[in-house]
Structure formats: C-alpha cells, structure tokens
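Colleague: One structure, pasted below without further comment.
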Amino acid sequence: MYPLLVILAAVCSLVGGYLAGTLGDYITPTDYVYGIRFNFVSYTITFALIKAFVFAFLISSISSFKGYFTQGGALEVGIASTAAVTTSVIAVLLSDYFLAQLLLGSA
Numbered sequence: 004m005y006p007l008l009v010i011l012a013a014v015c016s017l018v019g020g021y022l023a024g025t026l027g028d029y030i031t032p033t034d035y036v037y038g039i040r041f042n043f044v045s046y047t048i049t050f051a052l053i054k055a056f057v058f059a060f061l062i063s064s065i066s067s068f069k070g071y072f073t074q075g076g077a078l079e080v081g082i083a084s085t086a087a088v089t090t091s092v093i094a095v096l097l098s099d100y101f102l103a104q105l106l107l108g109s110a
C-alpha cells in the first residue's frame, strides 16, 4: 500500500496545486499545465516509486521481525513496538540517504 500512497499523494499535489493556483487567480490553467509538462522529468516518478518500495519493505520486515520474536506479555509488546518504530525510522532515514546517493549521484 505504501507505493499506492505515494501515487495518491502525487496526484493530490498536482490537483491541489491546480485548484489553488487557478481558483486563487495566481496562474491560468493553461500556464499551469504547460509548466507541469515543461518541467516534467520521468525519472522523478521512478525514483519516488523505488524509494516507496524500499521503505515499504524496510518498515514491514523490521516490524514483522520485532513482532515475531516478542516474548512475554503486554509490556514486552509495547517495548517491541517502540523498538520497531525507532528502528524503522532510522532505517528509512539511512536508506533515503543511500538511495539518493546511489540513484542521483551523477546528477
């Protein structure tokens, strides 16, 4: 679902920018569409989807690992979920940095 959330966010940002720009009389609809087409880089979409798949894999696998090896009662479940969240956040930050270096290093 994470990659679908990224796609939905991209569509909402384009529609929201169009509505805010045109309804606020900041830009004409023709200029907005022209600007989107003129500045379009298809690799940006590929890069965003690669990152979404990597982040989804990291978050789900780390959380599953922590949850599977949790022993004890409710207190240990709370500790394991906190550890899963903090480990996932650190993994996402590090993977974001390394993916940017790897995929955008020549840019």
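Under the numbering used here, the first residue of the sequence shown carries the number 4, and numbering increases by one thereafter.
Glycine included, C-beta positions come from ideal geometry on N, C-alpha and C.
1) If contacts are defined as beta-carbon pairs under 8 Å, then Y37 and G24 qualify, I think. What distance do you get, rounded to the angstrom?
2) Is F101 helix, strand or coil when you go by DSSP?
3) Buried or exposed, going by whether 16 or more other CB atoms sit within 10 Å of the CB of I65?
4) Return helix, strand or coil for V44, following the three-state DSSP convention.
5) Assign F2 to one of two classes, buried (16 or more other C-beta atoms within 10 Å of its C-beta) or exposed (fewer than that).
6) Helix or strand or just coil, what does DSSP make of D28?
Modeller: Looking at the atomic coordinates:
1) Approximately 12 Å separates the beta-carbon atoms of Y37 and G24; this is outside 8 Å, ruling out the contact.
2) Note: F101 maps to helix in three-state DSSP.
3) buried
4) coil
5) For the chain, the structure presents residues 4 to 110; residue 2 sits outside this window and is missing.
6) coil
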